[in-house]
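The structure appears right after this line, and notes come after that.
Protein chains in written order, with this note's numbering: chain A, 1 to 511; chain B, 512 to 989.
What follows is the structure, encoded as structure tokens:
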């Protein structure tokens, strides 16, 4: 048993407070749910009792913006009855409330069976009794709020000092997710995930243009399964001045070019490129049509497995939820079906070799085991197939040699907008800033850069990937999928990479 | 010690006697679902007030009961229900304010949420210009709760899904979609005497009909389940899928487009925050330095109107201030913005009742947009077009240029070539990069304004539009 489980410290809880979400009570809740589901006729049931805590801080123009904490405790019960799925959730954590919820899950499953075409089938999973917690050094909920705000306000002040900056924003976000999974298979798995993130943004309005620069990444910064030590390592204050100066300088930079050219992406933009053009199309529920109404489908139809040349021979991509891959937002001990974290090769030497699967979809493609990618946002959401850490493996180039080896290219950094069609073929990205590469050297700054293309053509044009030294495991904390919508954190390891003959500039083309 | 919320049992019994048995005698939408009376919500707030010694205290109570039946491959594959009650507490101490939220409502948890809110508030510098909490207000009446929707059952939804799946099978097509029903109830109360409450229901049906090389889509959303016709929506999607078989690839470029209401919604929806006073103050609104200037065609009129019969939502904002009807754009000229109390004070105007719950850095936003419509039907727009593209739906819309309001995205699930006044074929889907203000300057025909539902924006009242020179930049593979 891990020490400290069930006892939290923060503005919400002090040493003496009784924690209603303690592991002890979680076991009771789960047992009550499984007992009722079984007695009502469920052939299979699994239960997630989750206690989730959020702390969010932000500043704007050197004043505190958001300052909020929240906690949410409840139970989600998923069953198979009459050969169909049912799911119900509640925050009424009494024996009566949980029994009613489990009974409702079974009733819903029986209603589902009215439109049944076949009984639910799942690959087997072993029963596990285990505990898991990601390592961290500093509990962000124990760090005094004054200290956290002081850091954000100091970074905000540094950005505000730069003439021409018209808006400054900073943020920190922390999540602590404690959950107990129990299933009728016999698994009882207790997990705690601690997540931290922070970022800053400087915006400059001038003439008829809004330009912005973000650090360390756009749309909330960097997020990992880590403690407050992540925030401290980012050096937000040390980067604030540079970010602000670049935002202002973009107004006088030349417009990024249109046409076909060599493109170098920084690791954060490559991380998002992986997310959109590899991570989503490999979700087996999309491939099988289950997301057709909302998130869409995938060009990666089943006959392409082990045959499609997804990328050039140097492209190797994995889906790796194991801690040894790194503390990404897709790292865990077990997924939300009780399947252990694992590494699945997705692209091997350029060839498409694997999907993201769960216990049900694994049956459909003849796998003996689930890929372990079922994840849920909260106790009131059904687990669905989600990305874990979808990462491109490092190549052999040093960043300096990559630039020196490039005669004529555009280097793009930090995502500004992203869009891709509903089968994940055609994408368009723009970034906050770009740099001209000429004769092996980084030259002038360029504004309003964008590139577009077809997924497989793009990945097949990759001819250089930087080495482990330049590889970062980026966190995307806001991936939306499912109905009702669920937001999930995913991880994407990437290092800078080079692509040939890429279409540039369509987003800002005048004709 | 139990985690049971002590008020739940009482209110559950009281509500059950009012609401009667479930529709058709089947299991209810959500287990233990019950409505709270205003008196019960006041009592929760008063419990919190008693636990707080802050200068001022505000309590938000939110009860959500939602159920959603999801289908794909002509069968139900997900079927879910949830019930959530949250209590949110904002305290003010010596000019500082913060919020803490919990869904645990036993006495100890409420004590903790009050303490957390106070602790957060005390950890920060004084908030310059923090206004005292508002006192009691008077609100206009809206009626958006329907029992047929609140008590729809999983079997009700499953029966509709069974029918639309049968239609798809009969046509050798595949159906995927959702059928959702739910209830939301919330209240704001503060220690200066304000109490505001609202309850409403929601029903939504969305369907995609698929064939090997084509698809069609339809969606509707309304507070009243009786206004949703799943069978008609399924027939429309089925016909679109059939009509878009064997899609042609046509060249991108500037095209005349006929945008159905869902496509219009998902484009113009991205404008909503630009009308916030705070967005203009922060110089990130596309209306910064453009107020009072003609930036759209003179056929564009836009207002925010929570009382419009096709709108939904409460008649008060995140602080409990009454929402006012605001004329945002008059004949192509941005005329007014919306303001929270704090923004209004900074900008020396009157608040409009559009503030978000405090504390926040975004200020306010209009959430009940209503576009002025015209009298042209989509069929008339098609008949008047020599060569153009008819668009059912757009997808993955993102902002490329925030000041010129250039948006990018894709067409999806029913894109057609129009030639010589008729729809002649489906076409492969396009990517667009289009300035929104420019688009709203190029509107040639407007349909009647209807309540539209898309996937990129919240529901609004918008018309179909015929637009010239809409910029498609590339074509995808399907």
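C-beta: ideal position from N, C-alpha, C; glycine also.
Integer Cβ distance of residue i from residue j, believed to fall under 8 Å
i, j, result
"residue 205(A)", "residue 794(B)", "4 Å"
"residue 839(B)", "residue 861(B)", "Not a contact, Cβ separation roughly 15 Å."
"residue 350(A)", "residue 311(A)", "5 Å"
"residue 574(B)", "residue 559(B)", "No, residue 574(B) and residue 559(B) are not in contact; Cβ-Cβ is about 15 Å, not under 8 Å."
"residue 261(A)", "residue 73(A)", "That pair is no contact at about 53 Å."
Length of the line joining the Cα atoms of residue i and residue j
i, j, result
"residue 682(B)", "residue 671(B)", "17 Å"
"residue 317(A)", "residue 508(A)", "31 Å"
"residue 538(B)", "residue 664(B)", "With a pLDDT of only 43 at residue 538(B), under 50, the local geometry of the prediction cannot be trusted, and the value read off the model is given with reservation. For residue 538(B) and residue 664(B), the distance between alpha carbons rounds to 6 Å."
"residue 121(A)", "residue 381(A)", "21 Å"
"residue 859(B)", "residue 545(B)", "44 Å"
"residue 817(B)", "residue 439(A)", "60 Å"
"residue 697(B)", "residue 344(A)", "45 Å"
"residue 500(A)", "residue 463(A)", "7 Å"
"residue 90(A)", "residue 965(B)", "29 Å"
"residue 341(A)", "residue 460(A)", "29 Å"
"residue 452(A)", "residue 790(B)", "30 Å"
"residue 353(A)", "residue 602(B)", "55 Å"
"residue 330(A)", "residue 757(B)", "40 Å"
"residue 554(A)", "residue 610(B)", "As shown, chain A starts at 1 and ends at 511. That puts residue 554(A) outside it, with no answer to give."
"residue 213(A)", "residue 409(A)", "21 Å"
"residue 980(B)", "residue 106(A)", "54 Å"
"residue 187(A)", "residue 117(A)", "29 Å"
Proximity to residue i [Cα-Cα], best of the options
i, options, result
"residue 431(A)", "217(A), 164(A), 142(A)", "217(A)"
"residue 741(B)", "676(B), 760(B), 763(B)", "676(B)"
"residue 761(B)", "632(B), 611(B), 937(B)", "937(B)"
"residue 805(B)", "629(B), 781(B), 657(B), 952(B)", "952(B)"
"residue 236(A)", "41(A), 471(A), 383(A), 157(A)", "157(A)"
"residue 729(B)", "743(B), 898(B), 738(B), 722(B)", "743(B)"
"residue 128(A)", "334(A), 357(A), 486(A), 504(A)", "334(A)"
"residue 788(B)", "811(B), 873(B), 827(B)", "873(B)"
"residue 101(A)", "30(A), 63(A), 70(A)", "30(A)"
"residue 599(B)", "605(B), 590(B), 626(B)", "626(B)"
"residue 284(A)", "53(A), 297(A), 276(A), 274(A)", "297(A)"
"residue 908(B)", "801(B), 781(B), 717(B)", "781(B)"
"residue 87(A)", "131(A), 384(A), 320(A)", "384(A)"
"residue 971(B)", "655(B), 776(B), 593(B)", "776(B)"
"residue 57(A)", "175(A), 165(A), 166(A)", "175(A)"
"residue 985(B)", "969(B), 763(B), 688(B)", "763(B)"
Interface flag, residue i vs chain A, CB-CB below 8 Å
i, result
"residue 865(B)", "no"
"residue 914(B)", "yes"
"residue 1005(B)", "Within the shown structure, residues of chain B are numbered from 512 to 989, placing residue 1005(B) beyond reach of any answer."
"residue 517(B)", "Residue placement at residue 517(B) is flagged as unreliable, the pLDDT there being 24, under the threshold of 50; the coordinate-derived value follows with that caveat. Answer no: the Cβ-Cβ gap between residue 517(B) and chain A never drops below 8 Å."
"residue 627(B)", "yes"
"residue 774(B)", "no"
"residue 722(B)", "no"
"residue 542(B)", "Unreliable positioning characterises residue 542(B) in this predicted model, as indicated by a pLDDT of 49, which lies under 50. The coordinate reading is nonetheless provided below. Output row for residue 542(B): interface = yes."
"residue 984(B)", "yes"
"residue 989(B)", "yes"
"residue 746(B)", "no"
"residue 897(B)", "no"
Minimum Cβ-Cβ distance from residue i to chain B less than 8 Å
i, result
"residue 486(A)", "no"
"residue 422(A)", "yes"
"residue 174(A)", "no"
"residue 294(A)", "yes"
"residue 478(A)", "no"
"residue 375(A)", "no"
"residue 566(A)", "In the structure displayed, chain A extends from 1 to 511; residue 566(A) sits before or after that span and is not available."
"residue 64(A)", "yes"
Sheet register partners of residue i (DSSP bridge)
i, result
"residue 956(B)", "977(B)"
"residue 193(A)", "177(A)"
"residue 44(A)", "80(A)"
"residue 672(B)", "Answer is none; residue 672(B) lacks a bridge partner."
"residue 454(A)", "426(A)"
"residue 211(A)", "204(A)"
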